[in-house]
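Visitor:
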Amino acid sequence: MTHGPEDPEDTDARLERLKVATGSVGARPSFAARVAAAASREEAALDWMSDLLLAARRLVPIAALAAAVGMIWAVQSEHAWSQARAANASAELDLQW
Amino acid sequence: MAGDTSAFSGIVLATQDRLVRLSARLLGSVPDAEDVVQEAYLKAYRSLLARKFDRRSRVTTWLHRIVINATLDARRSRKRAPVPSSETDPEPRTDGAASSEAHVALRELAGWLGALPEEQQVVLVLKALEDLSSGEIAEILGCTEGAVEQRLVRARAALRKMGGES
Chain A
1 MTHGPEDPED
11 TDARLERLKV
21 ATGSVGARPS
31 FAARVAAAAS
41 REEAALDWMS
51 DLLLAARRLV
61 PIAALAAAVG
71 MIWAVQSEHA
81 WSQARAANAS
91 AELDLQW
Chain B
1001 MAGDTSAFSG
1011 IVLATQDRLV
1021 RLSARLLGSV
1031 PDAEDVVQEA
1041 YLKAYRSLLA
1051 RKFDRRSRVT
1061 TWLHRIVINA
1071 TLDARRSRKR
1081 APVPSSETDP
1091 EPRTDGAASS
1101 EAHVALRELA
1111 GWLGALPEEQ
1121 QVVLVLKALE
1131 DLSSGEIAEI
1141 LGCTEGAVEQ
1151 RLVRARAALR
1161 KMGGES
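Just so you know, the protein sequences line up as chains A and B, in that order.
FYI, in this note's numbering the residues of the first sequence are 1 to 97.
FYI, in this note's numbering the residues of the second sequence are 1001 to 1166.
#1: Count the other C-beta atoms from every protein chain shown that fall within 10 angstroms of the C-beta of residue 1078 of chain B, then say buried if there are 16 or more, exposed otherwise.
#2: How about residue 35 of chain A: is its C-beta nearer than 8 Å to some C-beta of chain B?
#3: Mind checking whether residue 1039 of chain B and residue 27 of chain A have CB atoms under 8 Å apart?
#4: For residue 1130 of chain B, collect the residues of the same chain with a Cβ closer than 7 Å to its Cβ; drop the 5 residues on either side in sequence, then sort them by chain order.
#5: Closer than 8 Å by beta-carbon distance: list the chain A residues that pair up with residue 1129 of chain B, in chain order.
#6: Taking only three categories from DSSP, how would you classify residue 59 of chain A?
#7: Sorted by chain position, which residues of the same chain lie with C-beta nearer than 7 Å to residue 1060 of chain B's C-beta, five sequence neighbours on each side aside?
#8: So which residues of chain A does residue 1108 of chain B contact, with C-beta pairs closer than 7 Å?
#9: Report the option in B:1144, B:1116 and B:1136 whose CA atom is closest to the CA atom of residue 1156 of chain B.
#10: Tell me which residue opens and which closes the alpha helix (DSSP H) that residue 1035 of chain B is part of.
#11: Cutting at 7 Å between CB atoms, please list the residues of its own chain near residue 1011 of chain B, excluding the five before and the five after it.
#12: Considering only their Cβ atoms, is the gap separating residue 1125 of chain B from residue 1025 of chain B smaller than 8 Å?
#13: Taking the alpha-carbon of residue 35 of chain A as reference, which of B:1027, B:1051, B:1005 and B:1068 has the nearest alpha-carbon?
#14: Indicate whether at least one CB of chain A lies closer than 8 Å to the CB of residue 1149 of chain B.
#15: Answer with yes or no whether the minimum CB distance from residue 1070 of chain B to chain A is below 8 Å.
#16: Among B:1050, B:1043, B:1008 and B:1075, which one has its Cα closest to the Cα of residue 1029 of chain B?
#17: On a Cα-Cα basis, can you pick out the residue from B:1071, B:1152 and B:1114 that is closest to residue 1132 of chain B?
#18: Is the stretch 14-31 of chain A in contact with the stretch 1104-1111 of chain B, if contact means three or more CB pairs nearer than 8 Å?
#19: How would you list, in chain order, the residues of chain B whose beta-carbon sits under 9 Å from the beta-carbon of residue 55 of chain A?
#20: Under the three-state reduction of DSSP, which class applies to residue 1115 of chain B: helix, strand or coil?
#21: Is there at least one non-hydrogen atom of the ligand ATP closer than 7 Å to the beta-carbon of residue 1121 of chain B?
#22: Where does the unbroken alpha helix (DSSP H) through residue 1146 of chain B begin, and where does it stop?
#23: Would you list, in sequence order, the uninterrupted alpha helix (DSSP H) runs of no fewer than 4 residues that lie entirely inside the stretch 16-97 of chain A?
#24: From residue 1128 of chain B to residue 1111 of chain B, what distance separates their C-alpha atoms?
#25: Would you say residue 1118 of chain B lies against chain A (beta-carbon separation less than 8 Å)?
#26: Under a CB-based cut-off of 8 Å, is residue 1100 of chain B close to chain A?
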């Protein structure tokens, strides 16, 4: 029995032949090592980023404390400066009098 | 993190041949398929590290989906910027698990199916060459089994119409 160009057997037979012929195709031996190396590089980059974020997160309370201390110091300094200025002004008035 | 890496290596070893073969059957080249599958694995690895894999589908189904999308993207970009014929390998590289006969067959397959629309090629390769069920294909492609069957019928009809010419 022969198959004409429109015979579905031709298509199926060709698909089957190509399936068998390409059945041995797979990754080359070095492939898994290549992927592992690329994944390690990826992981190292991610580690660096997460270390940076962790360090930044640890710095947040210290920075907040430093800001609070700075604020208190600024308020106290401003208060001391106002008192000194007031005392200075009254001394000037005494001198003028 | 170390557990992630060893689990991922296990996944690569268990799936690499199947995924490279699938991509090579669509691309017609093992080295190109390896590049695509490597990128797909890295994409999957990033998603696993970021806990983005939702576990609603199996890992193999998810990897098939990533590889198919990456393969089609690679083919589209290859079409946009085709390599001049003088720069292509005169002979396919045979330094792998496949024989030179297999490389010739890969090229014949990619050339023959290349005339079909992408979605028909993918369905035909998954069904007729990778032996997946319509249900599995539907899950990979995110469509219904009916759509898979319809694409298969159309693909076979188009191939019959072409009369087996490559």
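All C-beta atoms, glycine included, are put in the ideal place defined by N, C-alpha and C.
Values in this document were obtained by computation on a predicted structure and should not be read as measured data.
Guide: According to the data block:
#1: By one-based count along the second sequence, residue 1078 of chain B stands at place 78. It is exposed - the Cβ of residue 1078 of chain B has fewer than 16 other Cβ atoms within 10 Å.
#2: One-based indexing of the first sequence puts residue 35 of chain A at position 35. Interface criterion met: the Cβ of residue 35 of chain A is under 8 Å from a Cβ in chain B.
#3: Translated into positions along the second sequence, residue 1039 of chain B becomes position 39. Translated into positions along the first sequence, residue 27 of chain A becomes position 27. For residue 1039 of chain B and residue 27 of chain A, no; Cβs fall outside 8 Å.
#4: Here residue 1130 of chain B refers to the residue found at position 130 of the second sequence. Excluding sequence positions up to five before and after residue 1130 of chain B, its CB lies within less than 7 Å of the CB of 1022, all in the same chain and listed in chain order.
#5: Indexing the second sequence from 1 puts residue 1129 of chain B at position 129. Within chain A, the residues near residue 1129 of chain B are 15, 18, 19 and 22.
#6: The residue you call residue 59 of chain A lines up with position 59 of the first sequence. Reduced to three states, the DSSP call for residue 59 of chain A is helix.
#7: Within the second sequence, residue 1060 of chain B is the residue found at index 60, counting from 1. Around residue 1060 of chain B: 1015.
#8: Working through the second sequence from its first residue, we reach residue 1108 of chain B at position 108. Within chain A, the residues near residue 1108 of chain B are 18.
#9: By 1-based counting over the second sequence, the position of residue 1156 of chain B is 156. Ranked by Cα distance from residue 1156 of chain B, the options B:1144, B:1116 and B:1136 are led by B:1116.
#10: Counting from one through the second sequence, the residue named residue 1035 of chain B turns up at place 35. Note, residue 1035 of chain B: alpha helix (DSSP H), 1030-1049.
#11: Translated into the one-based positions of the second sequence, residue 1011 of chain B becomes position 11. Excluding its 5 nearest sequence neighbours in each direction, residue 1011 of chain B has C-beta neighbours in its own chain below 7 Å: 1059, listed in chain order.
#12: Walking along the second sequence from the start, residue 1025 of chain B turns up at place 25. Walking along the second sequence from the start, residue 1125 of chain B turns up at place 125. Yes.
#13: The residue labelled residue 35 of chain A in the question sits at position 35 within the first sequence. Ranking the options by Cα distance to residue 35 of chain A, first place goes to B:1005.
#14: Numbered from 1 along the second sequence, position 149 holds the residue referred to as residue 1149 of chain B. Under the Cβ criterion of 8 Å, residue 1149 of chain B is not counted among the residues facing chain A.
#15: In the second sequence, the residue the question calls residue 1070 of chain B occupies position 70. Taking 8 Å as the threshold, the shortest C-beta distance from residue 1070 of chain B to chain A does not fall below it.
#16: Here residue 1029 of chain B corresponds to residue number 29 of the second sequence, with the count starting at 1. That would be B:1075, whose Cα lies nearest to the Cα of residue 1029 of chain B.
#17: Translated into positions along the second sequence, residue 1132 of chain B becomes position 132. The shortest CA-to-CA distance from residue 1132 of chain B to any of B:1071, B:1152 and B:1114 is the one to B:1152.
#18: Inter-segment contact for the stretch 14-31 of chain A and the stretch 1104-1111 of chain B is present: three or more beta-carbon pairs are separated by less than 8 Å.
#19: Numbered from 1 along the first sequence, position 55 holds the residue referred to as residue 55 of chain A. Those do not exist, as residue 55 of chain A stays about 18 Å from chain B at its closest Cβ, beyond 9 Å.
#20: Taking the second sequence and counting its residues from 1, the one referred to as residue 1115 of chain B is at position 115. Reduced to three states, the DSSP call for residue 1115 of chain B is coil.
#21: Judged by which ligands are present, the structure shown has none, so any question about the ligand ATP falls away.
#22: Residue 1146 of chain B sits at position 146 when you count from the first residue of the second sequence. From DSSP, the alpha helix (DSSP H) with residue 1146 of chain B extends over 1145-1162.
#23: For the stretch 16-97 of chain A, whole alpha helix (DSSP H) runs of length 4 or above, ordered along the chain, are 31-96.
#24: One-based indexing of the second sequence puts residue 1128 of chain B at position 128. One-based indexing of the second sequence puts residue 1111 of chain B at position 111. So the two alpha carbons sit approximately 16 Å from each other.
#25: As a position in the second sequence, residue 1118 of chain B is number 118, starting the count at 1. Closer than 8 Å: no.
#26: If you number the second sequence from 1, residue 1100 of chain B lands on position 100. No, residue 1100 of chain B lies away from the interface with chain A (no Cβ there is under 8 Å from its Cβ).
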